[in-house]
Amino acid sequence: MLNAVDLDRNKNIYIANIVKCRPPHNRDPKPEEQEMCINWLRNQVKLIDPKIIVCLGRISAQKLIKPDLRITKEHGLFFQKGKFLMMPMFHPAAILRNPNQKPEAFDDFLKLREKIKEICPDTYGNFIMNN
74 MLNAVDLDRN
84 KNIYIANIVK
94 CRPPHNRDPK
104 PEEQEMCINW
114 LRNQVKLIDP
124 KIIVCLGRIS
134 AQKLIKPDLR
144 ITKEHGLFFQ
154 KGKFLMMPMF
164 HPAAILRNPN
174 QKPEAFDDFL
184 KLREKIKEIC
194 PDTYGNFIMN
204 N
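All letters in the sequence shown, in the order written, are residues 74 to 204 by my numbering.
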């Protein structure tokens with residue numbers, strides 16, 4: 074999907090994680106695990122200074138955008154948080170588990186591409202995808 078909307082991890086996208094190691098049995102990270110790692114992510118954001126941050130999945134969206142975010146209802150919407158424009162999207166693993174979400178996920182990528190072109194008309198600029 075990244076390639077289909079002219080995004081490339083080597084040119085104009087940086088992917089980071091809210092936690093820096095996978096919890097046992099691939100479970101959702103606990104709030105205390107998120108807190109232990111959040112300063113690493115804050116430092117990455119500070120260094121990169123993105124215009125847009127995309128939160129992949131419920132965990133990162135609830136941590137970074139708002140605690141009561143409903144990913145199934147609010148994916149693809151933009152939220153202003155301080156100087157950052159933020160967008161929740163379905164997590165790639167969720168799309169693999171539920172392929173019926175793929176068309177909605179692709180629509181979100183198209184919305185993202187249009188927003189990038191709107192705010193960075195000369196370049197795609199920097200943004201982060203976070204999961």
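Every residue gets a Cβ at the ideal spot worked out from N, C-alpha and C, and that includes glycine.
- In the structure shown, I91 falls within a coil segment according to DSSP collapsed to helix, strand and coil.
- Of the candidates W113, M109, P97, K184, the residue whose Cα lies closest to the Cα of G149 is K184.
- Around the C-beta of K103, fewer than 16 other C-beta atoms lie within 10 Å, and the residue is accordingly described as exposed.
- Across the set K156, N173, M162, the C-alpha of M162 shows the shortest separation from the C-alpha of L75.
- Counting only residues of its own chain and dropping the five nearest sequence neighbours on each side, L158 has a CB closer than 6 Å to the CB of I125, F151.
- A direct Cα-Cα distance of roughly 13 Å separates S133 from R115.
- By alpha-carbon distance to T145, the top candidate from L129, Q153, R95 is L129.
- In the DSSP assignment, M162 falls within the beta strand (DSSP E) that extends over 157-162.
- Within the segment 126-181, the complete alpha helix (DSSP H) runs of at least 4 residues fall at 131-137, 144-147, 165-170.
- For Q135, the closest C-alpha among the options K154, Q117, D122 is that of K154.
- In this structure, the straight-line span from the alpha carbon of R100 to that of L137 is close to 19 Å.
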